[in-house]
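Down below is the structure, laid out as C-alpha cells.
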Amino acid sequence: PGGLDVAPALHPRAAILGALATPPPAAGFYTPMAQTLEAAALEPTLVGASAPRYVIVVTDGWQWCSPYDPATRYDGTDAVGRLQAAGITTWIVGFGAEVDSAALNQMAVVAGTAKAGCDSTATDPTAPNQCYFQVDNAAELVAMKAALGRADRVVADAQRWLQAAVGAGRRVSEVDFAREVERLAEA
65 PGGLDVAPAL
75 HPRAAILGAL
85 ATPPPAAGFY
95 TPMAQTLEAA
105 ALEPTLVGAS
115 APRYVIVVTD
125 GWQWCSPYDP
135 ATRYDGTDAV
145 GRLQAAGITT
155 WIVGFGAEVD
165 SAALNQMAVV
175 AGTAKAGCDS
185 TATDPTAPNQ
195 CYFQVDNAAE
205 LVAMKAALGR
215 ADRVVADAQR
225 WLQAAVGAGR
235 RVSEVDFARE
245 VERLAEA
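In my numbering, the protein residues as written are 65 to 251.
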C-alpha cells in the first residue's frame, strides 16, 4: 500500500499523464494517502535533492483503505510531519466537494503551509478560512499550482535577500524584511 507512480522531477507532465492512463483497480479504490506520503519521504530524487524540495498533495483528505478504520483518519498528518521534519515543504490541496476538511486542516498546519488566518478547527468543507487550498476542477488546480510557484519564488528570493543583508553586516528589522517581501511579491 502506498507508492509513487511518478518520481519527483521537473516538468513531469508526460509521466503523470502516462500514469493516469493506467486503469484503476477493478475493486477497492483505496486511498493509502499516509503510506504514499511516507514513500515520498524516502524517495531518493526528493530526499537527496540539493534544490528546494516540495510535495503538493492533491487529495480529498480521506485516508481510506478497506475496511475503513476511523483510527487511521489522521495518519496523513503524521506523514506530513515526517516530510516537514526532513525539510520537505508540503502544500495541501483539497480536491472536490467531499473533502475531509478536519484532516486537511491538520495536515496544512503541521506542514507549516497553512493559509494565514485560517481556522484549524474547521470540519465543514464549506466553512470559510480553511487552512488548506481548495480546488474543484483542473483549471483551478493549474491556477493554484502557478500561485504556489510564485509564492515559492518570493520566499526563496526573500531568504536570499536576508542572507545577503546579514552577511554584509546590515541589521534588518521586521519592517525592512516585510517591505522586501512585499516588493518581491509585487515584482
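We put the beta carbon where it would ideally sit given N, CA and C, even for glycine.
Only a predicted model underlies this, so the values are computations on that prediction, with no experimental measurement involved.
Kindly indicate which three-state DSSP category residue i falls into: helix, strand or coil?
i, result
"V163", "coil"
"Q170", "helix"
"I80", "helix"
"W128", "strand"
"Q223", "helix"
"T153", "strand"
"T123", "strand"
"V199", "strand"
"T95", "strand"
"G145", "helix"
"G158", "strand"
Between the options, which has its C-alpha nearest residue i's C-alpha?
i, options, result
"E250", "A222, T141, G233 and A98", "A222"
"E107", "R146, P134, S130 and A85", "R146"
"C129", "Y138, V122 and V121", "Y138"
"I152", "A161, G181, Y118 and R235", "Y118"
"R77", "V206, G231 and G233", "V206"
"Q170", "G160, Q148, G140 and A150", "G140"
"T95", "T86, H75 and Y132", "Y132"
"G160", "T109, E204, F241 and G231", "E204"
"R224", "A210, G213 and F241", "F241"
Using a Cβ-Cβ cutoff of less than 8 Å, which residues in the same chain neighbour residue i once the five nearest sequence positions on both sides are dropped?
i, result
"A220", "P116"
"V165", "Sequence inspection shows Ser at residue 165; the Val mentioned does not correspond to that position. Hits under 8 Å: G125, G158, A186, T187, D188, P189, A191, Q194 and Y196."
"K179", "A172, N193, Q194, C195, Y196 and F197"
"V218", "V245, L248 and A249"
"A167", "G125, W126, Q127, R137, Y138, G140 and T141"
"H75", "none"
Do residue j and residue i have their beta-carbon atoms positioned less than 8 Å apart in this structure?
i, j, result
"Q198", "G158", "yes"
"P189", "V173", "no"
"I156", "V121", "yes"
"A135", "A105", "no"
"T154", "T177", "yes"
"Q148", "A175", "yes"
Who are the near neighbours of residue i in its chain, counting only those whose CB is closer than 7 Å to its CB and skipping five residues on each side?
i, result
"I80", "V70"
"M208", "V157, F197 and V199"
"A229", "V236"
"G181", "N193"
Taking 7 Å as the cut-off, is the beta-carbon of residue i closer than that to any non-hydrogen atom of the ligand FAD?
i, result
"G82", "No copy of the ligand FAD appears in this structure; indeed no ligand is present at all."
Return the chain-ordered list of same chain residues with a C-beta closer than 6 Å to the C-beta of residue i, the five sequence neighbours on each side being excluded.
i, result
"E102", "A143"
"M97", "T123, Q127 and G140"
Give me the Cβ distance between residue i and residue j, rounded to the nearest whole Å; I'm assuming they're in contact under 8 Å.
i, j, result
"L226", "V239", "No, L226 and V239 are not in contact; Cβ-Cβ is about 13 Å, not under 8 Å."
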